[in-house]
Structures are given as structure tokens and as C-alpha cells.
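S.K.:
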Amino acid sequence: MKRKTEVDEALIRGLTRWFRASARDLPWRASGPPGRRDAYHVLVSEVMLQQTQVSRVAERFGEFMARFPDVAALAGAEEDEVLAVWSGLGYYRRARLLHAAARAVVAEHGGRLPREVRTLRALPGLGRYTAGAVASLAHGEGAALVDANVARVLMRLGGRRGTAAVGMEWAWERAEALAARAGERAPVVNEAMMELGATVCTPRGPRCEQCPVRDLCIARAKGWQERIPAPKVKAAKKEVFASAVVVRVGDRIVVEQRPEKGLWARMWQVPTLEREDRAATREEIEEWLGVKGLKKVDAFVHETTHRTVRFEVWEAVSQRKLWNGREVVAPASTSERAISTPQRRIVVKDCSV
Ligand code: SF4
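This note's numbering puts the first residue of the sequence shown at 1179, with every later residue one more than the last.
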């Protein structure tokens, strides 16, 4: 039986060789190999990738970089501008925190992202994983980084059973031990585990026959690949009924900004009445908005991770000048504002009629 240090050394060698031969060509990897990559590119891509698919991030990364090419450019931008460029990536809180982190880097670190995990973690929005990613992939530090992909790979390799949440702390310890053994190869080993989890050791149907470390994998030897990690019990999604009203005032429309906190915080939308029990009636919406003659023009469902939002879209015409904190704008000008995906669909449809 192989000793643990031998297993770890074989893992490191197998992962390193495989990654160098098979890594996907992704836009944020263009600035350098793991360990010597541009720190700002690492930060932006990792924040984008937290809750958005790789293919979507690959489409949007270049546009973000063209608009905000470095930390100083991002720090100097207005928040609304950052949110507008972020549109379509979802989870806008990430964009706000990224913007705040850029400002802190300029104010406190002379515009350079720090090297140490501890200092990085003091920046807004940088958790253990993102700080580890910047320290490792950009600065070549021996830090570990564990996301859901890495946790799954390590749990399967080690035959660690249980849910991902239960295995997470164990996976961090395991990744730290591997990073310490890997020394200067730690960045490439980290990224190789992320890549393996994304492309080969996938949640369902892992392609073990193509895995570079299959001979070291306990889950494969025992046939547990599909059972690790164990599925978590899903919480039921919350249902929201949203009545969105396109109010035309001449060739303009009325828009409002969402509250400071909660879903799509501070983003712009057409006036929208939300309820949790049922959709508002025509009379209720007319009373709420102070308009008459509403016409229902569309209905669709938008799914977020935690909510099912059932939209009903209404239309009205008004001559009113004052809208109580709301604004009356040209529909085309909304492209410069931060607007959620479903509200964008409503406004764009309105622009085209
Ligand atoms: Fe994952 Fe299969 Fe490789 Fe094990 S052998 S790490 S289960 S892909």
C-alpha cells in the first residue's frame, strides 16, 4: 500500500501534467499561467464565476475589462455604471462588493492587490476562496482554494462521504496539506483541481476513464462516484407575484429604483408591485400607482436560485408630470442603467413596439 506522501506526490504530478496539456483556453487565463497571472483579472473573473456559468462569464469578461481595464479604472467609476456593465451576470451584490474592493485597494494598497490571504480577506467581498485564488493564481503564494468543484474532487479522491457542506472543512484541510506539499507547484495544482471538477469530475456522470488521477481515487475504486457528495435536501423556492406596469407618458416611460436591500437591490425597473400570496388585481394596481385604464400585455416566469417570480406585465398611458420619486425617461436610455434580466425583457419589448 502506498504511503500518503507518495499518493500526494503522485496526485500533484498527475494533476500538473494533465492541466498543462488540457487546460481550457479562457479569456481570464490569457494574462499568465497559474501563479503569475494578473491579480485584477483573477479577482474579476473569480467574482464573476462565483454564481455564473463559465460560458456566460467568458462572453462578458472582455467587455468588463475593456470598460474597466484596471483596479484604478474600476475604483474611479460610478456604481451605477459598474452595475450597468454587470447587467446579465446576475447577483448584483457581487458587483457592488467588487467595486468597493477596488476602491479599498486604491485607497489602502496603492492600487495593487495584496499578496497575503489575510490582507486580501480584509477587502470587501473577498472570502476565503477568492482571497486564496488571488494569492495563489496571481502571486504564486502556497495558499489553498476550495470551491464546490475542488471540494467534490477532493472528497471523491479521498472517499470522504457526506454532503458537500459537511465535507467542506475537511476539503480545506486536505487542500492546504496538498498546497504545502506542492510548494511552488501549488497554483497549478489548485487550478488543475478546479478544472478537473468543471470538466471531468462533474457532479453527475464523472468521466473517470479520462481522469488523470483515476488510479488514486477511492470513490472510483469503490464505485461511489455518484454518491459523493451526498445530495442535500433542497429548500422550497419562495414564490413572488410581480405586477410590472409600463406607463407611457408621451414617448417616455416611468421607472423607479428598487429598495436598498433584497432581491435586485437598488436596480431600476418599471413600477412593479410585488406580493407573496397572489398577483395584485387590476384595481389594486390602479389604486397603488394612481393610473387608470390598465391593459395586461404579457406574463412570464423568471427563476432565480431562491425564488420563482411570476411576472404580469401591464400597460397604461398617462399625462401626469409628477411621479413621487419615480423618473420619466426615454426607454432607450435605460440601457445605461442597472436593470435586472426580467425587467430588461419588459423594457426592451416596450422599446420595440
Ligand atoms: Fe472524479 Fe472519477 Fe477522477 Fe475520481 S476517478 S477524481 S471520481 S473523475
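Ideal Cβ placement from N, Cα and C applies to all residues, glycine included.
Which residue marks the beginning of the beta strand (DSSP E) containing H1277, and which one marks its end?
M.R.: Residue mapping note: residue 1277 aligns to position 99 of the sequence shown, counting from 1. Note, H1277: premise wrong, no beta strand (DSSP E); alpha helix (DSSP H) at 1271–1287.
S.K.: Can you check the segment 1189–1277 for any alpha helix (DSSP H) of at least 4 residues that lies completely inside it and give the ranges in chain order?
M.R.: 1217–1227, 1232–1245, 1249–1254, 1257–1264
S.K.: With DSSP collapsed to three states, give me the class of S1314.
M.R.: Within the sequence shown, numbered from 1, the residue matching residue 1314 stands at position 136. Of the three classes helix, strand and coil, the one that applies to S1314 here is helix, per DSSP.
S.K.: Who are the near neighbours of A1188 in its chain, counting only those whose CB is closer than 7 Å to its CB and skipping five residues on each side?
M.R.: For the purposes of this step, residue 1188 is taken as the residue at position 10 of the sequence shown. L1394.
S.K.: Quick one: residues with CB closer than 6 Å to any heavy atom of the ligand SF4, in chain order, please.
M.R.: V1331, R1334, L1335, V1378, C1379, P1384, C1386, C1389, V1391, R1392, C1395, A1397, R1398, Q1403
S.K.: Assign R1485 to buried or exposed, taking buried as 16 or more other Cβ atoms, counted over all protein chains shown, within 10 Å of its Cβ.
M.R.: Counting from 1 along the sequence shown, the entry for residue 1485 is found at position 307. Classification for R1485: exposed.
S.K.: Is it buried or exposed, V1283, if we count other Cβ atoms within 10 angstroms and call 16 or more buried?
M.R.: As a working mapping, residue 1283 is identified with position 105 in the sequence shown. With 16 or more Cβ atoms within 10 Å of its Cβ, V1283 is classed as buried.
S.K.: Helix or strand or just coil, what does DSSP make of I1406?
M.R.: Stepping through the sequence shown from its first residue, residue 1406 is reached at position 228. If DSSP states are grouped into helix, strand and coil, I1406 belongs with coil.
S.K.: Rounded to whole angstroms, what is the Cα-Cα separation between I1190 and A1360?
M.R.: The sequence position of residue 1190 within the sequence shown is 12, counting from 1. The sequence position of residue 1360 within the sequence shown is 182, counting from 1. Cα to Cα, the separation comes out at about 7 Å.
S.K.: Which residue or residues does DSSP assign as beta-bridge partners of I1517?
M.R.: As a position in the sequence shown, residue 1517 is number 339, starting the count at 1. W1446, per the DSSP bridge assignment.
S.K.: Determine the closest residue to P1381 out of E1354, R1334, Q1229, with distance taken between C-alpha atoms.
M.R.: Position 203 of the sequence shown, counted from the first residue, corresponds to residue 1381. Of the candidates E1354, R1334, Q1229, R1334 places its Cα closest to the Cα of P1381.
S.K.: Which ranges would you report for the beta strand (DSSP E) in the segment 1446–1503 if only whole runs of at least 3 residues count?
M.R.: 1450–1453, 1473–1481, 1485–1495
S.K.: According to DSSP, which residues form a beta bridge with R1426?
M.R.: In the sequence shown, residue 1426 corresponds to position 248, counting from 1. Partner(s): I1431, V1495.
S.K.: How far does the beta strand (DSSP E) with E1505 in it extend, from its first residue to its last?
M.R.: Here residue 1505 refers to the residue found at position 327 of the sequence shown. Counting along the chain, the beta strand (DSSP E) containing E1505 begins and ends at 1505–1507.
S.K.: Please report the Cβ distance between T1483 and K1410, rounded to the nearest whole angstrom; I am assuming they are in contact, meaning their Cβ atoms lie under 8 Å.
M.R.: Locating residue 1483 in the sequence shown gives position 305, counting from the first residue. Locating residue 1410 in the sequence shown gives position 232, counting from the first residue. 13 Å between Cβ atoms; not a contact.
S.K.: Report the option in V1249, E1373, A1316 whose CA atom is closest to the CA atom of L1332.
M.R.: Translated into positions along the sequence shown, residue 1332 becomes position 154. The candidate whose alpha carbon is nearest that of L1332 is E1373.
S.K.: Could you pull out every residue in the same chain whose Cβ sits closer than 6 Å to the Cβ of E1354, ignoring the five residues on either side in sequence?
M.R.: Reading the sequence shown from its first residue, position 176 is the one you call residue 1354. Cβ within range, chain order: A1322.
S.K.: Would you list, in sequence order, the uninterrupted alpha helix (DSSP H) runs of no fewer than 4 residues that lie entirely inside the segment 1348–1392?
M.R.: 1364–1377
S.K.: Secondary structure at K1527, three-state DSSP: helix, strand or coil?
M.R.: Here residue 1527 refers to the residue found at position 349 when the sequence shown is read from its first residue. Looking at K1527 - three-state DSSP - the assignment turns out to be helix.
S.K.: Quick check on this structure: which residue in S1223, G1254, P1211, E1387 has the alpha carbon closest to the alpha carbon of E1241?
M.R.: Taking the sequence shown and counting its residues from 1, the one referred to as residue 1241 is at position 63. It is S1223.
S.K.: Can you tell me the Cα-Cα spacing of A1397 and G1210, whole angstroms?
M.R.: Residue 1397 sits at position 219 when you count from the first residue of the sequence shown. Residue 1210 sits at position 32 when you count from the first residue of the sequence shown. C-alpha separation (whole angstroms): 34 Å.
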